[in-house]
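Using the numbering used here, count along the sequence shown one by one with no gaps and you end on 1621.
Don't be surprised by glycine CBs; every beta carbon is placed ideally from N, CA and C.
Notes to accompany the following structure.
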Amino acid sequence: MINNDTFAKRLIQRRAQLEYSQEDLSKRTGIAAAQISRYEAGKNKPRANIISKLANHLGVPFSWLAYGEETDLSDVDKGKEEIGVYLNLPKEKYDLMMEQANKLNMDIQTYIFRVVIPNHLAQEELQKNQTKK
């Protein structure tokens, strides 16, 4: 099913699903809340780089947010929940990781593989070397 609604409606829909205010989304993306309001009102149309940033922070594919191409958002959210379960993280820690990933303009999977795992491995190596001394 293709979502023929407008970019504005998809932005509002996803922000509401995540229970983000415009101000919350603004803080996460660095896009002014007033600008987000203009996007949602259909007064302004964002460039591709802004849509990409919004999609990343909203946890949706660019193609869905930009063009309304089919995607099951429940599957997107389920995948994120599975990562948290897989890591056995409390929600607060998962949310903190999401916040850090957002600051780096990364999705959670990229953040885990590029930041969390390498840092964890480096920490283990450091501890191993310290116990050998």
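Sub-7 Å separation of residue i and residue j beta-carbons
i: ARG1516; j: ASN1593; result: no
i: ARG1602; j: VAL1548; result: no
i: GLY1518; j: ALA1496; result: no
Residue burial classification, residue i (beta-carbon count within 10 angstroms, cutoff 16)
i: ARG1535; result: exposed
i: ILE1605; result: exposed
Residue nearest to residue i in terms of C-alpha spacing, selected from the options
i: TYR1555; options: ALA1521, ARG1498, LEU1513, GLN1523; result: ARG1498
i: SER1514; options: ALA1610, LYS1579, HIS1545, ASP1583; result: HIS1545
i: ASP1493; options: TYR1582, GLU1528, GLN1523, GLU1507; result: GLU1528
Spatial neighbours of residue i in its chain, beta-carbon cut-off 6 Å, leaving aside the 5 residues before and after
i: ALA1665; result: Because the chain in this structure spans residues 1489 to 1621, residue 1665 falls outside the shown range and cannot be described.
i: TYR1599; result: ALA1589
Spatial neighbours of residue i in its chain, beta-carbon cut-off 8 Å, leaving aside the 5 residues before and after
i: LEU1624; result: Not covered by the structure: residue 1624. The range shown for the chain is 1489 to 1621.
Sequence-distant residues of its chain with Cβ nearer than 7 Å to residue i (five each side left out)
i: ASN1537; result: none
i: PHE1550; result: ILE1539, SER1540, ALA1543
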